[in-house]
Amino acid sequence: MSYYWGLLTVSEPKWHCQEDHTLFTAYRDKLRLTQFLMALGDDFEPTRASILNRQPLPSSETALSELISEETRRLSITSQQSPFIIAATSSASPQRPDNSKRPRCTHCHKIGHTVKTCYDTVGRPPGKSPCPKHPAATTTTPSSSESSSQIHQLSTAGLEVLFNYVMSRSGSSAMSATSGNTWLIDSACCNHMTSSPKLFTSKPVVHNGPTIHTANGSSMYVTYTVTVQTQSFFIPDTYLVPQLSLNLLSGGQLCDNGYDLLFSRHYCVIQDSQTGH
1 MSYYWGLLTV
11 SEPKWHCQED
21 HTLFTAYRDK
31 LRLTQFLMAL
41 GDDFEPTRAS
51 ILNRQPLPSS
61 ETALSELISE
71 ETRRLSITSQ
81 QSPFIIAATS
91 SASPQRPDNS
101 KRPRCTHCHK
111 IGHTVKTCYD
121 TVGRPPGKSP
131 CPKHPAATTT
141 TPSSSESSSQ
151 IHQLSTAGLE
161 VLFNYVMSRS
171 GSSAMSATSG
181 NTWLIDSACC
191 NHMTSSPKLF
201 TSKPVVHNGP
211 TIHTANGSSM
221 YVTYTVTVQT
231 QSFFIPDTYL
241 VPQLSLNLLS
251 GGQLCDNGYD
261 LLFSRHYCVI
271 QDSQTGH
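Residue numbers 1 to 277, in full-length UniProt numbering, belong to the letters of the sequence shown in order.
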């Protein structure tokens, strides 16, 4: 895409005023970034909204780096198998002995003896009773509707357990976050946010900030921009949102401030790209 943008740039007219050229270049880069983000699929809506809500807009290289990180995270999640639903079916028939090498009687056409030793021709030895005929073994397999019902019941029960577990964990996290002990990293959050004035280390700046729209359709309002200092790290330019119940770290804002975010299945590392700490 940058190759074609370069071709279009060559066809632009020459600018006689350097100031106008600088303004137009900034406008053109902003327009290209917006067009590129709007062409993405709905799967990248949270990341797209996070980038477009920043002031000023990040560079195209920064936005592309965040999109690649988001795509890598999604691929790692989809590659993991779900531990809650395990359904296994077997349609293979029982193995039967190979009778191709056993002799077959040409008189009674039974397998296991020849005509010379056939009881029908030479007679049955004294005390030898005929073998009882065994009924054919039958197996009962549940119908497809029964199987799907069982799987549905299993998945529903598993999801209920998972939902209750997540809700209990979310409740405890919200309580600890309000006290300032826990911060949650949110890739779709446009800015760092907190609701606790106790975390302030600088004088609050009155801020008629943007309206924060939540997933359930409600709105929250920014009252101040502050600097937060915890026992572990220093967080500048943080929004004070009284209606918020969690302390949120913006993944995009951390990247803009020169930090690298390293995610794994069990933890996340925030590292200064210059010092490595």
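By construction, the Cβ of each residue, glycine as well, lies at the ideal position given by its N, Cα and C atoms.
Once the 5 residues before and after residue 273 are set aside, which same chain residues still bring their CB inside 6 Å of it? Closer than 6 Å at Cβ, skipping near neighbours: 258 and 260.
Nearest to residue 251 (by Cα), restricted to the options 26, 63 and 77: 63
Output needed for residue 241: all residues of its chain with C-beta closer than 8 Å, excluding positions within five of it in sequence on either side, in chain order. Excluding residues within five positions, the ones whose Cβ falls inside 8 Å are 193, 194, 195, 212, 220, 221, 222 and 223.
For residue 102, count neighbouring C-beta atoms within 10 Å of its own C-beta (all shown protein chains included) and say buried if the count is 16 or more, exposed if not. exposed
Distance between residue 23 and residue 254 (C-alpha atoms, nearest Å): 27 Å
With distances taken Cα to Cα, identify the nearest neighbour of residue 68 among 246, 109, 37 and 56. 37
Return the CA-CA distance between residue 175 and residue 256, expressed in angstroms with no decimal places. Any reading at residue 175 must be qualified, since the residue scores a pLDDT of 36, below 50, and its modelled position is unreliable; no value is offered.
Residue 58 burial status per 10 Å Cβ neighbour count (16 or more: buried): buried
In this structure, what does DSSP give as the bridge partners for residue 205? In the DSSP secondary-structure assignment, residue 205 is bridged to 225.
Helix, strand or coil: how does DSSP classify residue 194 here? strand
Assigned secondary structure, residue 122 (DSSP; H/G/I helix, E/B strand, else coil): Helix.
Can you give me the C-alpha to C-alpha distance between residue 56 and residue 27, rounded to a whole angstrom? 12 Å
What number of angstroms, rounded off, separates the C-alpha of residue 205 from the C-alpha of residue 46? 28 Å
State the Cα-Cα distance for the pair residue 263 and residue 228, rounded to the nearest angstrom. 24 Å
Buried or exposed, going by whether 16 or more other CB atoms sit within 10 Å of the CB of residue 48? Residue burial annotation: residue 48 is buried, with at least 16 other C-beta atoms found within 10 angstroms of its C-beta.
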